[in-house]
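To keep things clear, I will list the structure first and then write my remarks on it.
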Amino acid sequence: MSQAEKQTLGFQTEVKQLLHLMVHALYSNREIFLRELISNASDACDKLRFEAIAKPELLEEDPDLKVKISFDEKNNSLTLEDNGIGMNRDDVIANLGTIARSGTAEFLQQLTGDQKKDSGLIGQFGVGFYSAFIVADEVTVETRKAGVAAEEGVRWTSKGDGEFTVEAINKPSRGTQITLSLKEDATEYASGHRLRNIIQKYSDHIGLPIQLQKDVEVEGDDAEAADQATAVEWETINKANALWTRSKNEIKDEEYQEFYKHVAHDFEDPLDWSHNKVEGKQEYTSLLYIPKRAPFDLYQREAPRGLKLYVQRVFILDNAEQFLPLYLRFIKGVVDSSDLPLNISREILQQNPQIDSMKSALTKRVLSLLDKMADDQDKYYEFWKEFGQVLKEGPGEDFANRERIAGLLRFSSTEQNEQRVSLADYVSRMKEGQDKVYYLIGESLAQVKSSPHLEVFRKKGIEVLLLTDRIDEWLMSHLNEFDGKSLVDVARGDLDLGSLDSEEDKKAQEEATETKKDLLERIKKSLEDRVSEVRVSTRLTDSPAVLVIGADDLGLQMRKILEASGQQLPDSKPILEINPSHPLVERLEAEAQEANFTDLATLLCDQAALAAGESLEDPGQFVQRLNRLLLELASK
Numbered sequence: 078m079s080q081a082e083k084q085t086l087g088f089q090t091e092v093k094q095l096l097h098l099m100v101h102a103l104y105s106n107r108e109i110f111l112r113e114l115i116s117n118a119s120d121a122c123d124k125l126r127f128e129a130i131a132k133p134e135l136l137e138e139d140p141d142l143k144v145k146i147s148f149d150e151k152n153n154s155l156t157l158e159d160n161g162i163g164m165n166r167d168d169v170i171a172n173l174g175t176i177a178r179s180g181t182a183e184f185l186q187q188l189t190g191d192q193k194k195d196s197g198l199i200g201q202f203g204v205g206f207y208s209a210f211i212v213a214d215e216v217t218v219e220t221r222k223a224g225v226a227a228e229e230g231v232r233w234t235s236k237g238d239g240e241f242t243v244e245a246i247n248k249p250s251r252g253t254q255i256t257l258s259l260k261e262d263a264t265e266y267a268s269g270h271r272l273r274n275i276i277q278k279y280s281d282h283i284g285l286p287i288q289l290q291k292d293v294e295v296e297g298d299d300a301e302a303a304d305q306a307t308a309v310e311w312e313t314i315n316k317a318n319a320l321w322t323r324s325k326n327e328i329k330d331e332e333y334q335e336f337y338k339h340v341a342h343d344f345e346d347p348l349d350w351s352h353n354k355v356e357g358k359q360e361y362t363s364l365l366y367i368p369k370r371a372p373f374d375l376y377q378r379e380a381p382r383g384l385k386l387y388v389q390r391v392f393i394l395d396n397a398e399q400f401l402p403l404y405l406r407f408i409k410g411v412v413d414s415s416d417l418p419l420n421i422s423r424e425i426l427q428q429n430p431q432i433d434s435m436k437s438a439l440t441k442r443v444l445s446l447l448d449k450m451a452d453d454q455d456k457y458y459e460f461w462k463e464f465g466q467v468l469k470e471g472p473g474e475d476f477a478n479r480e481r482i483a484g485l486l487r488f489s490s491t492e493q494n495e496q497r498v499s500l501a502d503y504v505s506r507m508k509e510g511q512d513k514v515y516y517l518i519g520e521s522l523a524q525v526k527s528s529p530h531l532e533v534f535r536k537k538g539i540e541v542l543l544l545t546d547r548i549d550e551w552l553m554s555h556l557n558e559f560d561g562k563s564l565v566d567v568a569r570g571d572l573d574l575g576s577l578d579s580e581e582d583k584k585a586q587e588e589a590t591e592t593k594k595d596l597l598e599r600i601k602k603s604l605e606d607r608v609s610e611v612r613v614s615t616r617l618t619d620s621p622a623v624l625v626i627g628a629d630d631l632g633l634q635m636r637k638i639l640e641a642s643g644q645q646l647p648d649s650k651p652i653l654e655i656n657p658s659h660p661l662v663e664r665l666e667a668e669a670q671e672a673n674f675t676d677l678a679t680l681l682c683d684q685a686a687l688a689a690g691e692s693l694e695d696p697g698q699f700v701q702r703l704n705r706l707l708l709e710l711a712s713k
């Protein structure tokens with residue numbers, strides 16, 4: 078098929094789903110379509126401005142970049158045109174027929190059918206060009222890429238019903254023109270007054286002129302000719318200067334919020350932001366935002382991320398990832414440097430010590446913003462629910478700011494179910510004589526709260542942090558202390574309560590270890606394939622037994638992560654601790670028959686494994702042993 082012929086193609090499956098969802102879920106907030114189309118047009122102009130640094134001929138005879146919006150009340154249509162970078166045929170098919178974003182299918186699987194909830198999800202995904210179908214029965218795009226001949230223009234047309242057509246056209250001017258044939262209930266968007274209000278509300282911050290059609294009647298002797306003849310004038314509606322270049326004192330909160338929606342393609346206002354200008358050895362301006370909701374691909378570390386980079390107000394890169402560490406990948410915004418060369422590339426960015434300096438400063442600015450936000454516990458909790466697990470990557474990635482990041486972390490504890498406890502809160506409540514921060518890692522809050530490892534801490538009234546996120550064991554491997562206090566896993570190694578352990582308790586354990594020496598050796602022999610050691614516990618008050626991780630061994634979380642990634646696990650066996658005063662342990666000690674002794678010892682070990690959140694290797698054997706024991710008890 079020749080390129081000149083009209084070709085009908087089908088949308089990618091994900092596009093069909095997204096179109097259907099947008100049209101129905103966003104009906105109550107239809108006007109955002111114009112914000113999205115203007116934002117795309119602005120980006121196209123920014124990209125051309127950057128390309129023209131090296132190739133000024135791309136600007137042709139039209140160097141003044143702008144966006145023009147016209148409307149036709151009689152035919153109920155709206156047209157948006159830019160003279161930006163434009164697209165060729167391949168660009169059109171790739172950009173308007175598919176969604177090339179990793180995790181899109183997983184995102185769509187999260188949709189519930191509840192329009193209100195799904196509307197929020199779309200805000201996390203971003204809508205862009207397809208939002209045009211919220212108000213249009215049909216959308217026509219005519220475009221030509223800068224630098225190619227007029228006859229290489231392309232027309233794309235679709236009714237949003239699963240198909241689109243592509244054909245070659247002659248387009249004298251570069252850039253993109255989008256024409257919307259509006260729905261019968263969307264006539265308001267063919268009104269100059271309505272369009273003006275929307276542009277001023279959502280797009281006043283755009284840094285190039287947005288011009289709106291202004292009809293002026295032409296007088297004439299011929300009444301019919303005068304009625305038909307109109308001359309189109311254009312009126313610039315927005316301020317047309319980049320928002321971040323203005324003084325903070327003259328920018329309203331509403332303007333900051335709308336600029337965020339432009340940068341992030343989000344529906345909701347940001348949670349907070351920081352606008353700062355640096356002068357001196359380096360000169361740059363940053364405008365950084367913390368979103369209210371996590372994007373759908375937050376945990377895909379390879380997903381595009383980073384700030385919009387400008388140099389002397391000229392757009393350079395869309396996702397400049399070099400200015401913030403990976404654990405702050407949720408931050409949106411812009412950085413505009415006066416010092417970097419205009420022709421800077423990604424390779425130069427990665428090797429430039431000036432970038433390292435800016436990255437360090439911007440990282441500290443974000444952490445300061447979070448420090449300030451943490452003063453409002455409810456607001457910070459809202460942030461933490463969305464981004465807490467990502468922030469937990471920080472101590473392992475950013476040694477220089479480890480202590481500061483640690484202060485921003487939040488946990489549940491035996492005193493507080495919700496993840497609202499900071500390490501500073503914990504330290505402030507430590508008992509007299511306590512010199513360690515105690516924590517326990519598990520699969521769920523319910524599981525860790527009922528863990529045998531907590532028994533001695535409840536008895537002594539010592540608070541324990543409860544860690545249940547998948548990343549927590551990895552986090553704690555990089556976070557050994559806070560405010561001079563060691564962080565100790567209560568399920569690992571020897572439990573040292575320091576001065577909180579009475580001499581009486583220590584003496585009782587020594588005596589029990591000596592008097593139960595034969596029992597410990599007998600249990601070790603029965604379970605030699607499963608445990609590395611059997612010993613008397615200092616942890617237990619109510620349970621008969623508990624499994625303890627070796628001081629240098631991997632915990633359950635890390636073993637599961639490595640196992641899921643296909644890595645070979647190192648050989649290690651847990652330690653079994655027993656409570657010598659528990660009736661089941663006393664019954665075990667009194668058992669003379671070796672077969673029964675092995676069954677009962679194995680059951681105690683299985684119970685301890687289940688309490689630790691482990692899965693039994695052979696649940697069937699566990700059930701058989703339990704049944705034998707129950708039958709024996711029933712027969713007595």
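First residue of the sequence shown: 78, per our numbering; consecutive thereafter. Where is the CB? At the ideal position from N, CA and C, for every residue including glycine.
Going by the beta-carbon positions, is the gap between residue i and residue j smaller than 7 Å?
i	j	result
Q586	V625	no
D123	F336	no
R506	E540	yes
S649	D630	yes
K236	E215	yes
K145	E128	no
Y387	E470	no
V623	R616	yes
L289	E312	yes
K369	E398	no
L384	F407	no
T256	T234	no
I314	I283	no
V611	L572	no
E463	A371	yes
Using three-state DSSP, classify residue i as helix, strand or coil.
i	result
A303	Here the model assigns A303 a pLDDT of 47, short of 50, so the residue's position is not dependable, and the following value carries that caveat. Correct three-state label for A303: helix.
D648	coil
H530	helix
T545	coil
R271	helix
F699	helix
G538	coil
K462	helix
G383	coil
H97	helix
K449	helix
K513	strand
Y366	strand
H342	coil
L707	helix
L419	coil
N396	strand
For residue i, collect the residues of the same chain with a Cβ closer than 7 Å to its Cβ; drop the 5 residues on either side in sequence, then sort them by chain order.
i	result
N704	none
E691	L633
T618	E532, V533, K536
L96	Y207, F210, G237
D349	I367, L446, M450
H530	L517, V567, A568, R616, V623
A726	With the chain represented from 78 up to 713, any question about residue 726 goes unanswered, as that position is not in the structure.
K593	V613, P657
M78	A caution first: M78 carries a pLDDT of 44, below 50, which makes its placement in the model too unreliable to give a value.
Per DSSP, which residues does residue i bridge with? Please list them.
i	result
K278	Paired residue(s): none; K278 is not in a bridge.
T220	V231, T253
T242	T85, T234
V144	D159, I287
Which same chain residues end up closer than 6 Å to residue i when comparing Cβ atoms and leaving out the 5 residues on each side of it in sequence?
i	result
G538	none
T491	E540, V541
L364	W321, H352, G410, V411
T253	D159, G163, T220
S147	T156, Q290
D512	G575
Closer than 8 Å by C-beta to residue i: which residues in its own chain qualify, once you throw out the five before and the five after it? Chain order, please.
i	result
L543	F488, S489, S490, T491, Y516, L517, G519, L522, V525, K526
Considering only heavy atoms of the ligand HEM, does any lie closer than 6 Å to the CB of residue i?
i	result
A267	Ligands displayed in this structure: none; no statement on the ligand HEM is therefore possible.
Runs of alpha helix (DSSP H) wholly within the region 555-642 (minimum 4 residues, chain order): 580-592, 594-603, 633-641
Continuous alpha helix (DSSP H) assignments of at least 4 residues falling wholly in the region 469-503: 471-474, 479-485, all fully within the region 469-503.
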